[in-house]
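Protein chains: 2
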Amino acid sequence: MAYTSEYPPFFVTVDGVVLTIRNDALCALVVTRGGEPFRGRLALPGGFVDIDEDLGVAAVRELSEETGISVQGLHVEQLASYGAPDRDPRHRTISIAYLAVLPDLPEPVGGDDASDAHWHRVTWLLARKDRLAFDHRQILRDGVERAHAKLEYTALGTSFCERAFTIAELRRVYEVMWGVELDPGNFHRKVTGVAGFVEPTGRKASRGTGRPAELYRRGPTASLNPPLTRATLG
Amino acid sequence: MAYTSEYPPFFVTVDGVVLTIRNDALCALVVTRGGEPFRGRLALPGGFVDIDEDLGVAAVRELSEETGISVQGLHVEQLASYGAPDRDPRHRTISIAYLAVLPDLPEPVGGDDASDAHWHRVTWLLARKDRLAFDHRQILRDGVERAHAKLEYTALGTSFCERAFTIAELRRVYEVMWGVELDPGNFHRKVTGVAGFVEPTGRKASRGTGRPAELYRRGPTASLNPPLTRATLG
DNA sequence: CCAAAAGTGTTTGATTTACACCCATGG
DNA sequence: CCATGGGTGTAAATCAAACACTTTTGG
Chain A
3 MAYTSEYPPF FVTVDGVVLT IRNDALCALV VTRGGEPFRG RLALPGGFVD
53 IDEDLGVAAV RELSEETGIS VQGLHVEQLA SYGAPDRDPR HRTISIAYLA
103 VLPDLPEPVG GDDASDAHWH RVTWLLARKD RLAFDHRQIL RDGVERAHAK
153 LEYTALGTSF CERAFTIAEL RRVYEVMWGV ELDPGNFHRK VTGVAGFVEP
203 TGRKASRGTG RPAELYRRGP TASLNPPLTR ATLG
Chain B
3 MAYTSEYPPF FVTVDGVVLT IRNDALCALV VTRGGEPFRG RLALPGGFVD
53 IDEDLGVAAV RELSEETGIS VQGLHVEQLA SYGAPDRDPR HRTISIAYLA
103 VLPDLPEPVG GDDASDAHWH RVTWLLARKD RLAFDHRQIL RDGVERAHAK
153 LEYTALGTSF CERAFTIAEL RRVYEVMWGV ELDPGNFHRK VTGVAGFVEP
203 TGRKASRGTG RPAELYRRGP TASLNPPLTR ATLG
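From first to last, the protein sequence lines stand for chains A and B.
Numbering follows the numbering used here, with no gaps: position 200 of the first sequence is 202.
Numbering follows the numbering used here, with no gaps: position 104 of the second sequence is 106.
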């Protein structure tokens, strides 16, 4: 089947910046490209938008097809669009990037399809210019920057945690993202003191040694004003 | 000329949310549509992206063509993309929206081209569902929300002012955007105390009665941490 | 009982808020 | 010389940072 148009054709794709924290490091989900261009290179999961498909739906679908991850109920937001005329050597392609934030999953998220999806440390992916295909290095950078910024004044941090989490686990998210150590007491007070941020489940968690911690879940996500600030360095 | 492709055609447009403050109200720039669909309805300025044109360049060009406004050197940033399959009754169209913030201009910005561009109060434009064509109501809402948010933790407020401005003029921006009265003394101290926010020009301005105010210009735009907060209500 | 982590109390210092008050100009 | 807005001083209230200390578990 072929389409004709009096205007030159644009191609529209979606790409996903999917972040999680594994082994105390910020990691992003990447796939190995099977076809040209950039065959064998790492890339953000993504693909073409169907002609009658909503952008957000396409992003979720591609993530599921390429990596087997279901982001149902998880944090997904539109990040930005990328449309430099030469960003794809084949055609004029506009990519709408989405940002997803997940709790650490039980490793190899091999998908039904092109199942070589892997987590890589963001620092490693960004360390060299040529690790990622297309302009995906820039997209990843923008995604990480967005996540960074939203940590401070939204409850995005809770999206890195499981449904139920301890305050210490949430604190670890901030510590890894900011590369600092936070005072456990002050963090606890701050986070439990902001209305709508977290709410107690009533249950407790025994995480190894020490006193068991109260379990919390995401609250109705109030915006943080004043924002969380970095506290005492270790 | 006709183009053929094995994939269905997408159309790509840019739209601009152009904000300013006039007569103590937040206003947006709109044009009256000359063609179908939505002929005669108000719409955000925008249009089709050329096949070899960068998105940001297209946004600036359309603004200039449709409204005669040059946003050279002014604040322009990508806002978000809109691509619901039915957002344009004619074709599948993806629109990348840009946000621009300007000082109050000497009124009718009539462009070279479809020169019926006008400022309207944002509250009026948003008050009814059908004042704007397409999904431009949602786009405008998103732009206003973005501007609102960025006021608190960036120096975006200075973009509503002329090159040189008094602290009182800057304060007026915040008061109008937030619908509050701010304490002049505290605002002055806060704003001049944050490094990189504003820098003095050395000149003074005589605005009517009262002591002449020092003139400032935008600083190298430090991010505001802690952010500006709303102060005393009037 | 000891180590370790959770969570609370308390002190200190910084920041914000409220508002008094002086400054500089136009009429 | 008075009204008006610009800008600084200052005290009280609020908040954040540092850290001591109590609680509750596993070994």
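We put the beta carbon where it would ideally sit given N, CA and C, even for glycine.
Values in this document were obtained by computation on a predicted structure and should not be read as measured data.
Would you say residue i lies against chain A (beta-carbon separation less than 7 Å)?
i, result
"Gly236 (chain B)", "The predicted position of Gly236 (chain B) is uncertain, since its pLDDT is 47 and thus under 50; no value can be drawn from it."
"Leu184 (chain B)", "no"
"Gln80 (chain B)", "yes"
"Thr6 (chain B)", "yes"
"Ile98 (chain B)", "yes"
"Phe189 (chain B)", "no"
"Arg148 (chain B)", "no"
My guess is that residue i and residue j are in contact by the Cβ rule of under 8 Å, so how many angstroms apart are they, rounded?
i, j, result
"Ala99 (chain B)", "Tyr84 (chain B)", "7 Å"
"Ala102 (chain A)", "Val78 (chain A)", "5 Å"
"Tyr218 (chain B)", "Val200 (chain B)", "4 Å"
"Val14 (chain B)", "Ile96 (chain B)", "5 Å"
"Leu134 (chain B)", "Arg43 (chain B)", "7 Å"
"Leu81 (chain A)", "Arg148 (chain A)", "6 Å"
"Glu64 (chain A)", "Gly36 (chain A)", "Contact flag wrong, Cβ pair sits at about 14 Å."
"Val146 (chain B)", "Leu28 (chain B)", "7 Å"
"His122 (chain B)", "Val32 (chain B)", "6 Å"
"Thr168 (chain B)", "Ala207 (chain B)", "5 Å"
"Phe136 (chain A)", "Arg89 (chain A)", "6 Å"
"Gly48 (chain A)", "Val16 (chain A)", "5 Å"
Check for me: the beta strand (DSSP E) holding residue i runs from which residue to which?
i, result
"Ala207 (chain B)", "Val200 to Ala207"
"Ile169 (chain B)", "Taken as a continuous stretch (DSSP letters only), Ile169 (chain B) belongs to no beta strand (DSSP E), being part of the alpha helix (DSSP H) at Ile169 to Trp180."
"Gly58 (chain B)", "Looking at the DSSP string, Gly58 (chain B) is not in any beta strand (DSSP E); the run it does join, the alpha helix (DSSP H), is Leu57 to Thr69."
"Arg24 (chain A)", "Phe13 to Arg24"
"Ala99 (chain B)", "Thr95 to Val103"
"Cys29 (chain B)", "Ala27 to Thr34"
"Ala82 (chain B)", "His77 to Tyr84"
I'd like the span of the alpha helix (DSSP H) that includes residue i, first residue to last.
i, result
"Arg145 (chain A)", "Looking at the sequence provided, one finds Gly at residue 145 (chain A) rather than Arg. Here the alpha helix (DSSP H) through Gly145 (chain A) covers His138 to Tyr155."
"Ala129 (chain A)", "Val124 to Ala129"
"Thr211 (chain A)", "Looking at the DSSP string, Thr211 (chain A) is not in any alpha helix (DSSP H), and its letter there is neither H nor E."
"Glu191 (chain A)", "Before going further, note that residue 191 (chain A) is Arg rather than Glu in the sequence given. From DSSP, the alpha helix (DSSP H) with Arg191 (chain A) extends over Pro186 to Gly195."
For residue i and chain B, any beta-carbon pair shorter than 7 Å?
i, result
"Asp118 (chain A)", "no"
"Phe136 (chain A)", "no"
"Ala197 (chain A)", "no"
"Arg89 (chain A)", "no"
"Val16 (chain A)", "no"
"Val19 (chain A)", "no"
"Gly85 (chain A)", "yes"
"Arg94 (chain A)", "yes"
"Pro39 (chain A)", "no"
"Phe12 (chain A)", "yes"
Who does residue i pair with in a DSSP beta bridge?
i, result
"Leu230 (chain B)", "Answer is none; Leu230 (chain B) lacks a bridge partner."
"Gly49 (chain A)", "A:Val16"
"Arg220 (chain A)", "A:Val200"
"Leu107 (chain A)", "Leu107 (chain A) is not bridged to any residue."
"Thr6 (chain A)", "B:Thr6"
"Ala135 (chain A)", "Paired residues: none, contrary to the question."
"Leu44 (chain B)", "B:Thr34 and B:Leu134"
"Ala119 (chain B)", "B:Val33"
Against chain A: residues of the region 50–71 of chain B by CB proximity under 8 Å: Phe50, Val51, Ile53, Asp54, Glu55, Asp56 and Leu57
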